[in-house]
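This note's numbering puts the first residue of the sequence shown at 21, with every later residue one more than the last.
Quick reminder that beta carbons are idealized off the backbone N, C-alpha and C, glycines included.
Here the structure is a predicted model, which is why all the values come from computation and not from measurement.
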Amino acid sequence: MKKLGILAGVAGVALTAILAASTAGSADDSKLEELKAQGFARVAIANEPPYTAVAADGKVSGAAPDVAREIFKRLGVNDIVASISEYGAMIPGLQAGRFDVVTAGLFMKPERCAAVVYSEPVLCDAEAMLVKKGNPKGFKSYEDVAKDTSATIGAPGGGTEEKLALTAGVPRERVIVVPDGQSGLKMLQDGRIDAYSLPVLSINDLVKKANDPNLEVVAPVVGAPVYCDGAAFKKGDEALRDAYDVELAKLKQSGEFAKIIEPYGFSAAAAMSTTRDKLCSAK
Ligand code: 6CS
């Protein structure tokens, strides 16, 4: 009787495992099915051209949403609906279910890779600083800002540049959180900050549109890494992320990926030369 009991126990465990696996499998697939039924994916963006942009008529563009829109279409999700968010609020918003995915140039870094599930790389860029013409304080690095005890630097809240400045030793009170590019530009022009830091392509876009001869771009910021973003999904949505990656790989292989992102100034080769695993384990 005892032997029979043990066999029944083993069978029960096996059956539970099989059911759990199949349930988990169906639970994973349900997110994509849910988005298909919903007819759109809710994406978080920052409205920081050329990564992401919202026109006056509400039209969403930018390299990240354009890639996402194309991939979701191929997955049977007809459109994307974007919400503007501060970088520091994107991951909490994703985890709280306010967005289905972050497609905003949210750079892959170990601490973020621990909190979400990223796709393979999409947009890569170095860091830049916008300063007054002539770079009067001679900034080349975030450490230079730290050494100048009177200097202040603007950066997005919860963003990479804020973290880089703090890590380089700029005291909290000299790192000014700036909500968006236009505000950062104005604060620099008004002399309320001595530098404004964003990725190179974002700063270049601001300068091109500002048409102000009294501005200068310091790029790349010495000592700052080149970062790449990926689409960021909620933990538990690995199957959706995997399906996204299959379509992203096809786009990269066919040359369509380059056609989408390179007109914005991004390099397809840069994104294809690295991987999520490498970026998430970078020191
Ligand atoms: O991932 C980030 O934190 C940074 N990414 C972009 C595209 N702009 C600024 C932000 O800090």
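Tell me whether residue i sits in a helix, a strand or coil according to DSSP, three-state version.
i: Leu114; result: helix
i: Val227; result: helix
i: Asp249; result: strand
i: Met304; result: Given a span of 21 to 303 for the chain in the structure shown, any question on residue 304 remains unanswerable.
i: Phe127; result: strand
i: Pro176; result: coil
i: Val241; result: coil
Does residue i have its Cβ less than 7 Å from a Cβ in chain B?
i: Ile173; result: Included in the structure is just one protein chain, with no chain B present.
Among the options, which one has its Cα closest to the Cα of residue i?
i: Thr294; options: Ala269, Gly285, Glu282 and Lys279; result: Ala269
i: Ser81; options: Ile91, Glu193, Leu95 and Ile65; result: Ile65
i: Gln202; options: Ala188, Glu193, Ala185 and Gly174; result: Gly174
i: Ile280; options: Ala166, Asp86 and Arg261; result: Asp86
i: Leu126; options: Gly204, Val142 and Arg62; result: Val142
i: Gly189; options: Pro176, Met207 and Asp168; result: Asp168
i: Ala57; options: Pro130, Ala75, Gly96 and Val246; result: Gly96
i: Leu186; options: Ser217, Gln209 and Asp200; result: Ser217
i: Ala302; options: Gly78, Ala134, Lys51 and Ala76; result: Ala134
i: Arg296; options: Asp49, Arg261 and Phe159; result: Arg261
i: Pro283; options: Pro69, Lys93, Asp249 and Arg194; result: Pro69
i: Phe358; options: Asp214, Leu52 and Asn67; result: The question about residue 358 has no answer here: the residues shown for the chain are numbered 21 through 303.
i: Ser287; options: Ala230, Cys144 and Lys183; result: Cys144
i: Asn234; options: Ala215, Arg94, Gly250 and Gln209; result: Gln209
i: Val237; options: Asn224, Ala230 and Asn231; result: Asn224
What does a CB cutoff of less than 6 Å around residue i pick up in its chain, not counting 5 residues either side in sequence?
i: Arg89; result: Ile100
i: Met292; result: Lys272
i: Val198; result: Gly174 and Gly204
i: Ala146; result: Val220, Pro240 and Val246
i: Gly108; result: Gly177 and Gly178
i: Asn98; result: Gly59
i: Val74; result: Asn67 and Val80
i: Ala290; result: Cys144
Excluding the 5 residues preceding and the 5 following residue i in the sequence, name in chain order all residues of the same chain whose CB lies nearer than 7 Å to its CB.
i: Ser42; result: Caution is warranted here: a pLDDT of 43 is assigned to Ser42, below 50, making its placement in the model unreliable, and the coordinate value is therefore given only provisionally. Excluding sequence neighbours, Ser42 sits near nothing in its chain.
i: Lys254; result: Leu114, Gln115 and Val136
i: Val242; result: Lys160 and Ser161
i: Met110; result: Ala64, Val122, Ala124 and Leu126
i: Leu299; result: Met128, Pro141 and Cys248
i: Arg94; result: Glu267
i: Gly285; result: Pro70 and Leu221
Sequence-ordered residues whose beta carbon comes within less than 6 Å of a heavy atom of the ligand 6CS
Glu68, Tyr71, Tyr107, Gly125, Leu126, Phe127, Pro176, Gly179, Thr180, Glu181, Leu218, Pro219 and Ser222
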